[in-house]
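The block underneath contains the structure these notes are about, expressed in structure tokens.
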Amino acid sequence: NACLAPGIWQHLDIAFQAPRFDASGKKIANARLLKVVLNGMVIHENLELTGPTGGPISEQEAATGPFMIQGDHGPVAFRRFQITDRRGTSIMVNKPFSYRVINGAFRSPEGFAGKKADLEGNTDQLSWEMAKRDNDFAIVFTGEIKVTEPGQHRITLHNSGRSSILMNGKEVLADDWSSWNRPRTLTLDLPAGTNSLTLTVYKMDSWLQPYLALWIEGPKARAVALHSKSATLAVTPPDPIFLNAPEPKVFRSFMDISSYASVKKRVVHGVQVGDPGRVHYTYDLDNGSVPQIWKGDFLDVSPMWDDRGDGSSRPRGAVLALSDASAIVPESDIWNVKASGDAPAEGFHPMGYDLDEKGLPTFRYSLNGMEVEDRLRVMDGKYLHRTLDCRNAPAGYVFRIALATNIQQVDKNTWEINGKQYFIQVPAGVKPVLKQSKGMAVLYVPLGTRVEYDIMW
16 NACLAPGIWQ HLDIAFQAPR FDASGKKIAN ARLLKVVLNG MVIHENLELT
66 GPTGGPISEQ EAATGPFMIQ GDHGPVAFRR FQITDRRGTS IMVNKPFSYR
116 VINGAFRSPE GFAGKKADLE GNTDQLSWEM AKRDNDFAIV FTGEIKVTEP
166 GQHRITLHNS GRSSILMNGK EVLADDWSSW NRPRTLTLDL PAGTNSLTLT
216 VYKMDSWLQP YLALWIEGPK ARAVALHSKS ATLAVTPPDP IFLNAPEPKV
266 FRSFMDISSY ASVKKRVVHG VQVGDPGRVH YTYDLDNGSV PQIWKGDFLD
316 VSPMWDDRGD GSSRPRGAVL ALSDASAIVP ESDIWNVKAS GDAPAEGFHP
366 MGYDLDEKGL PTFRYSLNGM EVEDRLRVMD GKYLHRTLDC RNAPAGYVFR
416 IALATNIQQV DKNTWEINGK QYFIQVPAGV KPVLKQSKGM AVLYVPLGTR
466 VEYDIMW
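The C-terminal residue of the sequence shown carries number 472 in our numbering, and the numbering is unbroken.
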């Protein structure tokens, strides 16, 4: 379920293609929802609409028409509409791409730079098939694209192996490795007129199926494919490998998260805890933080177990990103948002976890002389209750309940975080301190023998 709770603003992106008609007015193609994204999750893609919606302005379909909201199915509010006309074409291939194929197993561009090509030619569409083999090759494509609408352009490259891009002689995408299902993207300003493009791809991983796709999206036009369809057909997507949680699950894996301020990072000593109540979370054993929580299904473990794997898993539900920084800090250090790296935080010593009679973990660690027991429990299948018991807590330390860009108090013991993305509730009598500075907000309590609070979303 990609929806947030009632009363919280949702973000909806819709890419719509109107029905198509020939010169005589006869419909030749149905309308389509090219992609619908709700709160960052794709919920529809390439969905055909065979006719008008119920209760339309007109039963007669047309290529253009007014924008209408049919809001008679319950109370709903809308705001901040942004409409972009993408009927234009901002990218055209100015002339066929030339290509050079050099056979061999290369680890870097220096390995084939200056070497005589084994195959050469011209092509209207990019493809790895120019190599006439599926491994141990390098291809350098050189061509020109004509930009009709200057401005920000988004380039998306799918490739099996290593790749780089030069635009107008300048490197805009550095040489790096990727697999076919992990696109490399960049956004850059392109001037109107002719722009030179050089794409270099090379592959030496025999276990990786060949694949090549290059898309360029303009400011007023949908993405244009510069590759052939056949260049993407060699790959058969593997069957997904899912891990469910009909009973409590404790699963160790890497986890890629969006940390504070939406910075991407990988939790390398992560524990994923699944609950039959369909509320789950990630625990970072390097600093005792809970960087993300989610509702719905538990994990997609395909990245770990498919083929060679990379040791990571992915949440299968709607994810809510929290702070990945240490929660326990000196009060003088409340604005420190530094997260853990590939090693435990300074003074932090993980001591494992114990399982209760239901199989749910209580995490234990020591920090600068104090000992902490940290447990999270799902309440009524709706929210998380967190309890920390501390021994030998030094004076001057605090526990940061929430670290965000905006925190507002709702009532005596409830706070809304980041525009109602989620709520924090503390027991009666507890009086957290709220401070805000330079676009940051922190809610904390002095560290005593016990800290308790609820995370609701």
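We treat Cβ as the ideally placed atom computed from N, Cα and C, and that holds for glycine. This structure is a prediction, so every number in the text was calculated from the model and none was measured.
Spatial neighbours of residue i in its chain, beta-carbon cut-off 6 Å, leaving aside the 5 residues before and after
i: Ser381; result: His364
i: Ile308; result: Tyr296, Leu335
i: Leu53; result: Ala17, Leu27
i: Ile256; result: Val316, Ser317, Trp320
i: Ala77; result: none
i: Arg102; result: none
i: Thr200; result: Thr171
i: Asp149; result: Pro225
i: Arg415; result: Ala342, Val457, Tyr459
Range of the contiguous alpha helix (DSSP H) that encloses residue i
i: Met319; result: 317-320
Residues of its chain near residue i, where Cβ-Cβ distance is below 7 Å and the 5 sequence neighbours each way are ignored
i: Asn118; result: Asp133, Asp151, Phe152
i: Gly374; result: Glu262, Pro263
i: Gly411; result: Pro345, Glu346
i: Asn45; result: Pro34, Glu63, Leu64, Thr65
i: Leu418; result: Tyr275, Ser338, Ala340, Val352, Val457
Nearest residue (CA-CA) to residue i, options the options
i: Thr163; options: Ile231, Gly176, Ala30, Asn137; result: Ile231
i: Val294; options: Arg331, Trp320, Val283, Asn137; result: Arg331
i: Ala236; options: Val108, Asp100, Asp204; result: Asp100
i: His242; options: Gly158, Asp299, Trp320; result: Gly158
i: Lys474; options: Ala30, Leu48, Met471; result: Limits of the chain in this structure are 16 at one end and 472 at the other, which puts residue 474 out of reach.
i: Ile19; options: Ala333, Gln440, Gly285; result: The sequence shown places Leu at residue 19, rather than the Ile named in the question. The shortest Cα separation from Leu19 among Ala333, Gln440, Gly285 belongs to Ala333.
i: Met366; options: Gly126, Glu388, Leu399; result: Glu388
i: Phe269; options: Gly285, Phe257, Asn259; result: Gly285
i: Gly22; options: Arg390, Tyr459, Glu431; result: Glu431
i: Asn421; options: Pro81, Met455, Lys310, Asp369; result: Met455
i: Gln32; options: Glu74, Ser73, Thr79; result: Thr79
i: Arg267; options: Asn407, Ser245, Leu300; result: Leu300
i: Arg95; options: Trp24, Arg323, Ala246; result: Trp24
i: Ser179; options: Phe156, Ile160, Gln167, Arg390; result: Phe156
i: Met385; options: Lys110, Leu462, Lys450; result: Leu462
i: Pro198; options: Thr247, Leu205, Phe93, Tyr398; result: Thr247
i: Phe82; options: Asp426, Thr68, Val91; result: Thr68
i: Met394; options: Asp290, Gln423, Leu403; result: Asp290
Where residue i falls: helix, strand or coil (DSSP)
i: Trp143; result: helix
i: Ser245; result: helix
i: Glu125; result: helix
i: Asp28; result: strand
i: Asp348; result: helix
i: Ile256; result: coil
i: Lys235; result: coil
i: Phe96; result: coil
i: Gly136; result: strand
i: Leu223; result: coil
i: Ala410; result: coil
i: Gln307; result: strand
i: Arg148; result: coil
i: Leu391; result: strand
i: Val466; result: strand
i: Ala240; result: strand
i: Glu60; result: strand
Start and end residues, beta strand (DSSP E) containing residue i
i: Pro345; result: 343-345
i: Arg281; result: 279-289
i: Trp230; result: 227-232
i: Trp192; result: 185-193
i: Cys405; result: 398-406
i: Ala443; result: Per DSSP, Ala443 belongs to no beta strand (DSSP E) and is neither H nor E.
i: Lys373; result: Unbroken run through Lys373: none, as it is neither H nor E.
i: Thr202; result: 199-205
i: Ser178; result: 176-182
i: His88; result: Run containing His88: none; DSSP gives neither H nor E here.
i: Asn210; result: 208-218
Contact set for residue i: own chain, Cβ-Cβ below 8 Å, skip 5 residues either direction
i: Gly136; result: Ser113, Tyr114, Met145
i: Ala207; result: Val162, Thr163, Glu164, Pro165
i: Ala238; result: Arg169, Thr171, Trp230, Ile231, Glu232
i: Asn428; result: Gln440, Val441, Pro442, Ala443, Val445
i: Ser327; result: Ser268, Phe269, Met270, Asp271, Arg281, Pro318, Met319
At which residue ranges does the segment 415-439 contain complete beta strand (DSSP E) runs of 3 or more residues, listed in the order of the chain?
422-426, 429-432
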